[in-house]
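Just so you know, our numbering puts the end of the sequence shown at 1007, numbered straight through with nothing missing.
All C-beta atoms in this analysis are idealised placements derived from N, C-alpha and C, irrespective of residue type, glycine included.
A quick note: this is a predicted structure, and the numbers were derived from the prediction, not measured.
See structure below.
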Amino acid sequence: MWRRGRGTTRALRARRRGWVPWDRALHRPIALRCRRPPMWRIGWPALSASLPRRVRAGPSPPSAARFPIDFSVEWMFSTRTPVPMAQTPPTPPASPPPERVEDLRIEQELQDSYLTYAMSTIMDRALPDVRDGLKPSQRRILIAMNDLGLGPRSKHRKCAKIAGDTSGNYHPHGEAVVYPTLVRLAQKWNLRYPLIDPQGNFGSSDGDAPAAMRYTEARLAAPAMEMLADLDLDTVDLIPNYDETRTEPTVLPAKFPNLLVNGSTGIAVGMACNLLPHNLREICDAIVHVINHPDCELADLLKIVPGPDFPTGGIICGAAGIVEGYKSGRGRMTVRAKMHVEEHKGRSSIVITEVPYGVLRRNILEAIGEAIRRDHIKDVSDANDHSGRQYDCRIVVDLKRDADPNVVINQLYQYTPCQVTVSMINIALVNRQPRTMGLKELIRHFIEHRKEVIVRRTRFLLRKAQQRGHILEALIFAVCDIDEVVRLIRASRTRDEAIARLREKAFRIAPDHPAAASIPEPLMRLAAERPVMLSQAQAEAIGRLQLIQLVGLEIEKLVGEYREVVEEIEGYEAILRDENEVLDIIREDLFELKEKYGDERRTQIEADATDLDMEDLVAREDVIVSVSHRGYIKRLPADTYRAQGRGGRGVRGADARDGDFVEHLFVANTHDTLLFFTNRGRVYWARVYEVPEMSRTSAGRSIANLLQFHEGEKIAQVLAVKDFGRDEQFLFFATARGVVKKTALSAFQNINRRGIIAIGLEPEDELIGVAITGGDDQILLGTLEGMAVRFVEKDVRAMGRPAAGVKGADLEKGDAVVSLIVIPAGADPEKTQVLTACVNGYGKRTPVAEYRLIRRGGKGVINIKTTDRNGQVVGMKAVEDCDDLMLITEKGILIRVRVAEIRETLRNAAGVRLIRLDEGDKLVAIAKAAREEAENGAAEPPTSAGPSDPPADDTPVVEPDADVGR
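Now the structure itself:
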């Protein structure tokens, strides 16, 4: 409301008259917010928050009426000295002189401020102390629970109470920050040995959030009590808490090696730590080994501690990362899920019983579903999580019928979090400074901490024992002269007077005293040599006793206790004199921990495990690989095409693009290596399983997605190779101009995807074929105009990879080599035959014996007459009666023909019809496939081509077709 005026319509008038707007509820003035500077900053008298109801605020400044006023209000001042009603408001004091302003460069201030923040994060938040393995928040939670008396045998208390006490007494960062830390200390899937015993919903290993802190309860677990043991015996330094109302320890005594067995994870500024958990039994044995052998090597510790032991189990693959981490403090290791195969009703299921550390089960299921959608995993029909009360972890992956479980297991490792990489980063605070340490150094710091704790505890107990012994001596003297002591006390008016009289009295023990026989000899000798005068502490101890207590003391009990105290003092002094005594105590503590809390190792270590190869993710099977003239590639199952009789119409293969057709077609194994030779003499590398699998009618995918061809290059030959390591095998090259070359196969094992030079070519020449030979084979070159040149392989010496080669055939003008055939050594020339196919669908098969051997470089003999009916030669293949032949037309029609159904003719015969072509179509390529044996008409998987298995008489192999796109 307004004083002297009502309603906001009179606000401007009230302001001009100097009346103060007043808040009735809060009994203090309010001010109007103006669009000019506040009134009190331009000379208005200061207003009080406790003004009486009718107080003039003074005249408005002359310029006040010139400024438009906004009628919204704001609070002005909260507390001011009230101004008397009849008193004129005092003149405001002069403004204080401006404070000293210091100019700083902003980059320097940013560096200093950020460094302060970084050091605070590193030392007080993110990194654990190397001695107890705890961060400040974790340590304060344990201390607050210890203050509440929440031991393992006490009743659980609400986590809200624990978080509140921790935040209020030690960690002033809010309960919402404390509670998640408390929860993690209680989760058995995060800590190998949890420090808090939970009750209620504390989340799950699948990432479920815990219940609110008002519902959950907790108490300290037994290992946490080992961390807090001897805390009240002056074993660690104490510092004031944040508000200096109490003290807190800078570190816990930590009899339990928490950092080594539970590990720690934290992200600081510019650094992070990830200390992995270990098995308590192994760590205790390793610490004892370092105590007994301070100069031991890391190899000795590795025999005791083979590696981390995760609370969720799993399998660690390879020991190299473990060794490096234990040596330098940083290492990487591969952790896999533990799984096995179960059979049920003729179907296989993969059961995952342990997952890698830190991996959620639901993430594994999501990754499996994503891998199935992306066709990375094809043999999985379903995946479900059966984990619960009966099983901590049980993920069942159901497989399709006839699926290979080993392949699916490898695929799960590759495409899901069933296999992860875990980093070991052993960074902890040493004297409040971050340091990276190996396993042995971490153990040494723990030993040094325990030595310091034991020494400080012993000194504390020694002081207490000495103080008690000092008091017991006075009590023994007093009991021996109890009548005089009682008389002195009764004669004193005050306690101080009694203490003073006791200090003035000289005590002696006569040899004939009745209790002299039971008094220890050192004490008896002391009292016999000279009178014993009591100290202030001794006199006060006697003065604190009531007369009835003093009279009731028994000399035998006092002497017995005194003897025990003397023995304790001697034991403490012996510990402080000899460091070995301290080490013996550490050994005993570790043995006790090992017996009380030790358990079996959960994580397996496969020392000989190697990195997962991509080949392990692909089942071994034979497939058909086709490459089109325009560079489209695909693979299909080997039984895609059924066998038909000679002259059949065939089945439709790929949908032919405009002007495109299948140029190369062969059978290979999915684990084979494909060598792509281009017409310009370069070779590229790829794996068969990298070729996309597509339907029979699909055109394929551009080979540019797999390889990086140079401009103007096209595929001349594709070979499937199993093994490059055999020195007795070679690659034999042939060019269109009749040049041949032989190079060791091993020279092509290190090929990158950018390709390398396979043969040096003249500018007008191009590569037409490449074959794998054994060094003693025979070579047959077929030309476009129907000529054939047969010579032995030894006529061509082995050359280097970039070499250009030598002359292999003497060609007529306009003729060119179109086919390269390798006749294996030992093959029967009468049984081994050459099948020739021409553009118009005609061809013939002729025994190799019909082609006489000549020296390389000759003109050769007539192979087939290239008449108008036949057309020019498309290709030649070495075949036997048990082989099948694949014929490919320009329009994409494929037909599989049994070689035995093609009539055998002489070398210069015209041939028979191989395929009935549609009008405008023509034969463009031929390839050899295995003979179909199955009754249902499906072709059995043929054997892939490769150098490791030279073709035998009864083992058909696929030899890639030649370049027929001329």
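Report all residues from its chain with a CB closer than 8 Å to the CB of residue i; omit the five preceding and five following residues, and keep chain order.
i	result
residue 604	561
residue 158	310
residue 350	233, 318, 319, 320, 323, 642, 643, 644
residue 440	388, 389, 390, 391, 420, 421, 422, 446, 449
residue 403	247, 248, 426
Would residue i pass as a contact of residue j if the rule is Cβ separation under 7 Å?
i	j	result
residue 323	residue 297	no
residue 276	residue 497	yes
residue 880	residue 763	no
residue 378	residue 459	yes
residue 521	residue 550	yes
residue 925	residue 910	no
residue 716	residue 729	no
residue 711	residue 759	no
residue 161	residue 260	no
residue 518	residue 592	no
residue 706	residue 725	no
residue 230	residue 306	no
residue 765	residue 739	no
Keeping to the same chain, check which residues put their C-beta closer than 7 Å to that of residue i; ignore five residues upstream and five downstream.
i	result
residue 456	408, 412, 417, 418
residue 801	722, 843, 844, 845
residue 251	224, 242, 243, 244, 257
residue 816	769, 771, 834
residue 211	181, 184, 185, 282, 289
residue 515	575, 579, 582, 583
residue 200	220, 223, 254, 257, 258, 259
Enumerate in chain order the residues of its own chain whose CB-to-CB distance from residue i is below 6 Å, with the five nearest sequence positions on each side excluded.
i	result
residue 85	Model confidence at residue 85 stands at a pLDDT of 39, short of 50, so the residue's coordinates are unreliable and nothing is read from them.
residue 831	821, 892, 894
residue 304	316, 317, 318
residue 624	332
residue 628	329
residue 781	775, 837, 846, 849
residue 814	771, 773, 834, 863
residue 424	406, 409, 438
residue 953	944
residue 495	623, 626
Note the first and the last residue of the continuous beta strand (DSSP E) segment covering residue i.
i	result
residue 383	379–385
residue 645	645–647
residue 717	714–719
residue 678	673–678
Hey, could you find the ends of the alpha helix (DSSP H) residue i is sitting in?
i	result
residue 510	480–521
residue 266	263–269
residue 828	Careful: residue 828 lies outside any alpha helix (DSSP H), inside the beta strand (DSSP E) at 828–833.
residue 867	That residue, residue 867, is in no alpha helix (DSSP H); it is neither H nor E in DSSP.
So residue i and residue j are in contact, right, with Cβ under 8 Å, and what is the actual spacing, rounded?
i	j	result
residue 513	residue 602	6 Å
residue 483	residue 164	19 Å between Cβ atoms; not a contact.
residue 173	residue 293	4 Å
If you compare alpha carbons, which of the options is closest to residue i?
i	options	result
residue 536	564, 577, 507, 501	577
residue 839	859, 785, 852	785
residue 676	854, 737, 564, 492	737
residue 867	307, 854, 818	818
residue 776	861, 884, 739	861
residue 922	915, 958, 190, 943	943
residue 428	671, 339, 886, 392	392
residue 420	345, 450, 402, 954	450
residue 369	467, 790, 955, 913	467
residue 395	272, 373, 357	357
residue 463	474, 397, 957	397
residue 501	278, 204, 354	278
residue 382	204, 436, 505	436
residue 956	884, 532, 914	884
residue 889	145, 872, 474	872
residue 227	262, 961, 823, 214	262
residue 385	366, 917, 913, 442	442
residue 487	756, 631, 896	631
Say whether chain C places a C-beta atom closer than 7 Å to the C-beta of residue i.
i	result
residue 184	Absent here is chain C; the protein component of the structure consists of one chain.
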